[in-house]
Amino acid sequence: MRAGVYLAHPRAGSFNHAVFDAVVGELRDRGCEVVAHDLCAEGFPAVLSAQETETVRIGAADDGDEQVALHRAEVATLDVLVLVHPNWWGMPPAVLTGWVQRVFVPGVAYKLGTAEGEPDGMLRARRALVLNTSDTPAEREAAVFGDPLQRIWAACVLPYVGVEDVRRVVFRTVTGSDEATRRTWLEEARRHAAALLG
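Just so we're aligned: the sequence shown equals residues 1 to 198 in the numbering used here.
So this is what it looks like as structure tokens:
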């Protein structure tokens with residue numbers, strides 16, 4: 001089993017980093033081969049080039065950026081995906097949005113021009129886990145905002161590239177949480193990561 005775990009948070013020592021480390025450790029302890037990327041620390045180049053907006057020409061081929069080419073090659077080999085990020089303005093951080101736009105491209109993550117007129121997801125991974133942190137109470141998230149991250153990942157992005165089983169867990173509210181609560185959340189993150197392998 002090969003898992004890709006991706007972190008999108010710029011501040012070292014954040015709770016998102018702790019979740020990322022817990023998930024990577026759990027998967028490795030269970031014998032999983034893990035490709036782990038801290039996108040901010042690695043300086044992933046999130047801005048699309050003009051060439052990349054011509055989606056019919058994009059594929060696994062190198063477009064001149066070695067880091068992007070590496071991520072495209074890796075994502076095609078994964079059995080499961082784990083995405084760790086905060087909820088910022090109802091969106092993933094810009095680095096993760098840019099990663100999706102530059103890595104989940106035609107010829108790598110999906111193909112166009114099917115008989116049904118719908119895209120055909122190409123990723124090998126059929127399961128994904130999204131672990132979010134938030135400072136918005138669940139009731140307000142649902143009533144006022146409608147949980148936009150759920151729609152982004154479970155309706156817009158991951159099914160488009162072939163992921164059939166999208167699991168999402170939100171740890172909230174992080175600001176003001178105590179150490180015992182955070183330890184409980186980390187154990188929960190580990191359990192959800194382990195469940196991906198079953």
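Where a beta carbon is used, it is the ideal one built from N, C-alpha and C, also for glycine.
Residue environment: Gly-64 is assigned as exposed (fewer than 16 neighbouring CB atoms within 10 Å of its CB, all protein chains considered).
The C-beta of Leu-48 has fewer than 16 other C-beta atoms within 10 Å across all chains shown, which makes the residue exposed. For Leu-123, the secondary structure class from DSSP, reduced to helix, strand or coil, is coil. Where His-71 is concerned, the enclosing alpha helix (DSSP H) starts and stops at 66-75. From the listed residues Glu-26, Glu-164, Asn-16, Phe-145, the smallest Cα separation to Leu-39 is found for Asn-16. Contact check between the region 164-176 and the region 123-135: three or more CB pairs, one atom from each, fall below 8 angstroms, which counts as touching. A direct Cα-Cα distance of roughly 33 angstroms separates Ala-193 from Glu-52. By the beta-carbon neighbour count (other beta carbons within 10 angstroms, threshold 16), Glu-26 is buried. Residue environment for Leu-112: exposed (fewer than 16 other C-beta atoms within 10 angstroms of its C-beta). Check the Cα spacing between Gly-162 and each of Ala-128, Glu-179, Arg-151: the tightest is with Ala-128. Here Gly-43 is exposed, its C-beta having fewer than 16 other C-beta atoms within 10 Å. In the three-state reduction of the DSSP assignment, Leu-131 falls in the strand class. In this chain, the beta strand (DSSP E) harbouring Arg-167 covers 165-172.
Residue pairing by DSSP puts Tyr-110 in a beta bridge opposite Pro-106, Gly-121.
Contact between the region 181-189 and the region 152-160 is absent: fewer than three C-beta pairs spanning the two stretches fall below 8 angstroms. Each of Thr-97, Val-82, Gly-176 was checked against the Cα of Cys-156, and the nearest Cα belongs to Thr-97. Within the DSSP bridge table, the entry for Asp-38 names Leu-7 as partners.
A contact is defined here as three or more CB-CB pairs under 8 angstroms, and the region 1-10 meets this definition with respect to the region 73-84.
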